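Worksheet: the structure to be examined is printed underneath.
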Amino acid sequence: MIPRVTATIDLAAIQHNLQQVRRYAPRAQVMAAIKADAYGHGAVQVARALETAKVDAFAVACMEEAMQLRNAHIGTPIALLEGIISAEEAALAVYERLQIVVHADWQLALLEALPESAEVSLWFKLDSGMHRLGFPLADVAKLSATLRRHPHWRFMGWITHLACADEPNNPATHEQVSRFSAALTKVPGARSIANSAGILAWPEARADWVRPGLMLYGASPLA
8 MIPRVTATID LAAIQHNLQQ VRRYAPRAQV MAAIKADAYG HGAVQVARAL
58 ETAKVDAFAV ACMEEAMQLR NAHIGTPIAL LEGIISAEEA ALAVYERLQI
108 VVHADWQLAL LEALPESAEV SLWFKLDSGM HRLGFPLADV AKLSATLRRH
158 PHWRFMGWIT HLACADEPNN PATHEQVSRF SAALTKVPGA RSIANSAGIL
208 AWPEARADWV RPGLMLYGAS PLA
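Numbering-wise (the numbering used here), the sequence shown opens with residue 8 and increments by one.
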């Protein structure tokens, strides 16, 4: 039987698209989103192609996606965007050297319950206006105090997510970036704001780390 539909994955094109990310945000490190099986393109083969192109890190949604990459011997840093959901996942994330995106107090409690010697790597996610996941901006001082209690933890930085970056004329993105930046005034730690739309349309969102997804796979998030 002849298939009616085929999908041809051009890994060289994905590598080229990574270079376009670097062209737009030359001073930022790149965390490539390869969640959901690399948007259906095959997470392992895409990860290997992007490793060859010297990507700085990967972002996946959950532990299962991270383990698929680790089992394929992908050594590039991997961030868990949803963080950990149990004590078992907390321990496994430390063992597999995963970066944990923490967005709620109950996740922080799971990490604080680990042995004092656990080599935890984490980001803090802040809700700057999307209202989906993340600590309130007012919690920055409390979170900074938590880090001071755990000086052996490896703090990667602060993350937020843009709700309307694919609408270049919507002032909500400027407001989100401003709130995020103001909340972190004089607070140490890297910043990560821009998704694909942020990279393409909002220069102010190209902070220390960018997190491209759609644009790596040849799709523009902009109309």
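Yeah, the Cβ is synthetic: ideal placement off N, Cα and C, and Gly gets one too.
Computed from a prediction, not measured in an experiment: that's the story for all the values here.
Beta-carbon within less than 8 Å of residue i's beta-carbon, same chain only, minus the 5 sequence neighbours each way: which residues are those?
i: Ala179; result: Gly136, Ala170, Cys171
Which two residues bound the contiguous alpha helix (DSSP H) that contains residue i?
i: Arg198; result: Looking at the DSSP string, Arg198 is not in any alpha helix (DSSP H); the run it does join, the beta strand (DSSP E), is 197 to 199.
i: Met74; result: 70 to 78
i: Trp113; result: 112 to 119
i: Ile206; result: 203 to 208
Can you round the beta-carbon distance between residue i and residue j to whole angstroms, since I take them to be within the 8 Å contact cut?
i: Gln106; j: Met163; result: 5 Å
i: Val2; j: Val217; result: Any answer about residue 2 is impossible in this case: the structure gives the chain only from 8 up to 230.
i: Tyr31; j: Leu207; result: 6 Å
For the beta strand (DSSP E) containing residue i, list its first residue and its last residue.
i: Ser128; result: 128 to 134
i: Leu223; result: First-last for Leu223: undefined, no H or E at that position.
i: Val108; result: 106 to 109
i: Arg161; result: 161 to 166
Restricting to Cα atoms, I'd like to know which of the options is closest to residue i.
i: Asp215; options: Ser199, Leu229, Val51; result: Ser199
i: Glu126; options: Gln75, His110, Arg104; result: Arg104
i: Ile41; options: Ala32, Pro33, Ala73, Arg30; result: Ala73
Can you tell me whether residue i is buried or exposed, with buried defined as 16 or more other CB within 10 angstroms of its CB?
i: Met8; result: exposed
Report all residues from its chain with a CB closer than 6 Å to the CB of residue i; omit the five preceding and five following residues, and keep chain order.
i: Ala60; result: Gln22, Leu25
i: Glu89; result: Ala68, Cys69
i: Phe142; result: Leu133
i: Ala5; result: Nothing about residue 5 can be read from this structure; the chain reaches only from 8 to 230.
i: Pro236; result: Because the chain spans 8 through 230 in this model, residue 236 falls outside it and cannot be assessed.
Please work out which residues of its chain come closer than 7 Å, Cβ to Cβ, to residue i, disregarding the five sequence neighbours upstream and downstream, and give them in chain order.
i: Gly49; result: Ile16
i: Ala35; result: Arg213, Ala214, Asp215, Trp216, Val217
i: His110; result: Gly90, Lys132, Leu140, Gly141, Phe142
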